[in-house]
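**Q**
2 protein chains.
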Amino acid sequence: MNQLEKYEDSIGYSFRDRSLLVRALTHRSAGAPHNERLEFLGDAVLELVISGFLFDRFGNVDEGDLSRMRSTLVRETTLAEIAHSFSLGDYLNMGPGEQRSGGFRRDSILADAVEATIGAIYLDTGEQLETVRDLLGKWFSERLKTIRPGIGQKDPKTRLQEYLQAREFHVPVYAVVDVSGQQNSQVFKVSCSVEPLSQIVFGTGTSKRRAEQDAAEHVLEILRKSNGNRK
Amino acid sequence: MNQLEKYEDSIGYSFRDRSLLVRALTHRSAGAPHNERLEFLGDAVLELVISGFLFDRFGNVDEGDLSRMRSTLVRETTLAEIAHSFSLGDYLNMGPGEQRSGGFRRDSILADAVEATIGAIYLDTGEQLETVRDLLGKWFSERLKTIRPGIGQKDPKTRLQEYLQAREFHVPVYAVVDVSGQQNSQVFKVSCSVEPLSQIVFGTGTSKRRAEQDAAEHVLEILRKSNGNRK
Chain A
1 MNQLEKYEDS
11 IGYSFRDRSL
21 LVRALTHRSA
31 GAPHNERLEF
41 LGDAVLELVI
51 SGFLFDRFGN
61 VDEGDLSRMR
71 STLVRETTLA
81 EIAHSFSLGD
91 YLNMGPGEQR
101 SGGFRRDSIL
111 ADAVEATIGA
121 IYLDTGEQLE
131 TVRDLLGKWF
141 SERLKTIRPG
151 IGQKDPKTRL
161 QEYLQAREFH
171 VPVYAVVDVS
181 GQQNSQVFKV
191 SCSVEPLSQI
201 VFGTGTSKRR
211 AEQDAAEHVL
221 EILRKSNGNR
231 K
Chain B
232 MNQLEKYEDS
242 IGYSFRDRSL
252 LVRALTHRSA
262 GAPHNERLEF
272 LGDAVLELVI
282 SGFLFDRFGN
292 VDEGDLSRMR
302 STLVRETTLA
312 EIAHSFSLGD
322 YLNMGPGEQR
332 SGGFRRDSIL
342 ADAVEATIGA
352 IYLDTGEQLE
362 TVRDLLGKWF
372 SERLKTIRPG
382 IGQKDPKTRL
392 QEYLQAREFH
402 VPVYAVVDVS
412 GQQNSQVFKV
422 SCSVEPLSQI
432 VFGTGTSKRR
442 AEQDAAEHVL
452 EILRKSNGNR
462 K
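From first to last, the protein sequence lines stand for chains A and B. The opening position of the first sequence corresponds to residue 1 in this note's numbering, with each subsequent residue numbered one higher. The opening position of the second sequence corresponds to residue 232 in this note's numbering, with each subsequent residue numbered one higher.
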């Protein structure tokens, strides 16, 4: 089996149009045609198929819990785990720079390639959902079995802490810098500083905890973007 | 024609299962079963179908421009316009409180009901995309004809200003409250105060403009949430 066949074997799908698969596995650092357009499409396919699974499976769960479960299932770390289960990093086409800097191990790049793969399968099957639905049912089967409303979705502070620990940085430092507003409509402002960012990031909320979660969310966003820019 | 038939007539689809349509048109203020779960599903259907339209139509446009065009097409104000073209407000089931407070005119409620309608059609057609694709092609035909990469997507400051003006509030007030960081990695912190919010909201960015956009985005988010809570 060649490389592409090995990857097809591990994802459980053989492409009619191999050029779609090649593109899905091509990071922009390797030049065009790369996988970013397929990622755009695949991201939306993934969202809908997972939404459908959750909608059908949890008939009495409200929209808020469905959304939280969906973000747990489609977020970068989950997709990177799935990428690892396919050894996706072994099949990625990247520029020499990314190769050296270990881009094939970076969560964001792996997660993007999983979404691009989904987009490629969707196109290869004539923009129908059946095949993608079957495949994602397998890829996510364990997670779909175990996910429950109200659990599984980690809050921003937890995700930030895990992000930093995974990269051997210190834990974030939070501090209340301002409390304003009337007694029953107080607004807390919290600063959050983390090792990899030179800037201090702020969050606001109607409680100290909410303000910290808000700040953590912003930090995660900034870290995501700076990862993106490093592409 | 009864009310439901009139609505079916204006959206161009007749339901096999009318109870899905009734639910799609039932705001939570009217009690369960309401349309929030259908909205969760319909939102994802809409994202994918619009993504597919843009992907197919703009073969050489990069993922960033595709995303910007998609957010222009699926954002609340666009969906509210589509709702008005269906006179959706006339068919909404709402609690007496919402009726009196004019909820049937509120963009967020109208946009949610459009997404719920899309979710209902998707379920009514056996979770296939063909019918929804045809319908959305009609609903969005003018917008799909005129949208172009790099235009159409309004930035947060513009959207915030329009949001406030539409509700006859004063324009937002921005002020730089902090500049930190090294010369070539400066971080600006900007405050934004708007009439309908008691709190001052902050934004950060590597330029004054970016920080203002960030602050405006947060304000829009808070306003969206508080609209949600008022439901």
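Don't be surprised by glycine CBs; every beta carbon is placed ideally from N, CA and C. Because the structure is a prediction, the values reported are computed rather than measured.
(1) Quick check: Arg254/B and His265/B, are their CB atoms within less than 8 Å of each other?
(2) Straight-line CA distance for Leu38/A to Thr125/A?
(3) Closer than 7 Å, Cβ to any Cβ of chain B: which residues of the segment 40-58 of chain A, in chain order?
(4) Have a look at the DSSP bridge pairing and note the partners of Val190/A.
(5) In three-state DSSP terms, what is Thr26/A?
(6) Assign Glu324/B to one of two classes, buried (16 or more other C-beta atoms within 10 Å of its C-beta) or exposed (fewer than that).
(7) Given 8 Å as the limit, is there contact between the segment 156-176 of chain A and the segment 184-202 of chain A, that is, 3 or more CB pairs closer than that?
(8) At the level of alpha carbons, what is the spacing between Ala358/B and Gln199/A?
(9) Please say whether Glu5/A and Phe15/A have beta carbons closer to each other than 8 Å?
(10) Check the Cβ of Gln66/A against every Cβ in chain B and list those closer than 8 Å, keeping chain order.
(11) Whole angstroms is fine: what's the gap from Thr437/B's alpha carbon to Phe419/B's?
(12) Roughly how far, in whole angstroms, is the beta-carbon of Leu144/A from the beta-carbon of Phe53/A, given that I think they are within contact range, below 8 Å?
(13) How close, in whole Å, do the beta carbons of Arg70/A and Ser51/A come, if the pair is a contact with beta carbons under 8 Å?
(14) Quick one, which of Gly412/B, Gln417/B, Val408/B has its alpha-carbon nearest Ala446/B's?
(15) Count the other CB atoms, across all protein chains shown, that sit within 10 Å of the CB of Gln444/B; report buried if there are 16 or more and exposed otherwise.
(16) Counting only the same chain and skipping the five closest in sequence on each side, list residues whose C-beta sits under 8 Å from that of Lys439/B.
(17) In the DSSP assignment, find the alpha helix (DSSP H) that holds Ile147/A and state where it starts and stops.
(18) Which residues in the same chain as Phe104/A place their Cβ atom closer than 7 Å to its Cβ, once the five residues preceding and following it in sequence are excluded?
(19) For Asn324/B, which beta-bridge partners are listed by DSSP?
(20) Beta carbon of His258/B, beta carbon of Glu329/B: below 8 Å?
(21) Please report the straight-line C-alpha distance between Ala261/B and Ile242/B, rounded to a whole angstrom.
(22) Should Leu220/A and Tyr163/A be called a contact, given that it needs their Cβ atoms to be closer than 8 Å?
(23) Starting from Phe433/B, find everything on chain A with Cβ-Cβ shorter than 8 Å and list it in chain order.
(24) Mind listing the chain A neighbours of Leu360/B? Cutoff is C-beta to C-beta under 8 Å, in chain order.
(25) Rounded C-beta distance between Ala116/A and Leu279/B? I'm assuming under 8 Å.
(26) Comparing the C-beta of Glu294/B with each C-beta of chain A, is any distance below 8 Å?
(27) Check distances from the C-beta atoms of the segment 324-341 of chain B to those of chain A and list, in chain order, the residues that come in under 7 Å.
(28) Restricting to runs no shorter than 3 residues, where is the beta strand (DSSP E) found entirely within the segment 272-350 of chain B?
(29) Tell me the residue span of the alpha helix (DSSP H) that contains Gln387/B.
**A** In brief:
(1) yes
(2) 14 Å
(3) Phe40, Leu41, Ala44, Val45, Glu47, Leu48, Ser51, Gly52, Phe55
(4) Val176/A, Gly203/A
(5) strand
(6) Residue identity check: residue 324/B is Asn in the sequence provided, not Glu. That one is buried.
(7) yes
(8) For clarity, residue 358/B is Glu in the given sequence; the question names Ala instead. Cα to Cα, the separation comes out at about 46 Å.
(9) no
(10) Here residue 66/A turns out to be Leu, not Gln, going by the sequence shown. Result: Arg268, Phe271.
(11) 6 Å
(12) 6 Å
(13) 6 Å
(14) Val408/B
(15) buried
(16) Val407, Phe419, Val421
(17) Careful: Ile147/A lies outside any alpha helix (DSSP H) and carries neither H nor E.
(18) Gly89, Leu92, Met94
(19) Thr257/B
(20) yes
(21) 23 Å
(22) yes
(23) Lys189, Phe202, Thr204
(24) Glu127, Gln128, Leu129
(25) In fact, because the Cβ distance is near 15 Å, the residues do not count as touching under 8 Å.
(26) yes
(27) none
(28) none
(29) In the sequence as presented, Gln is not what sits at residue 387/B; that position holds Pro. Segment 387-397, the alpha helix (DSSP H) holding Pro387/B.
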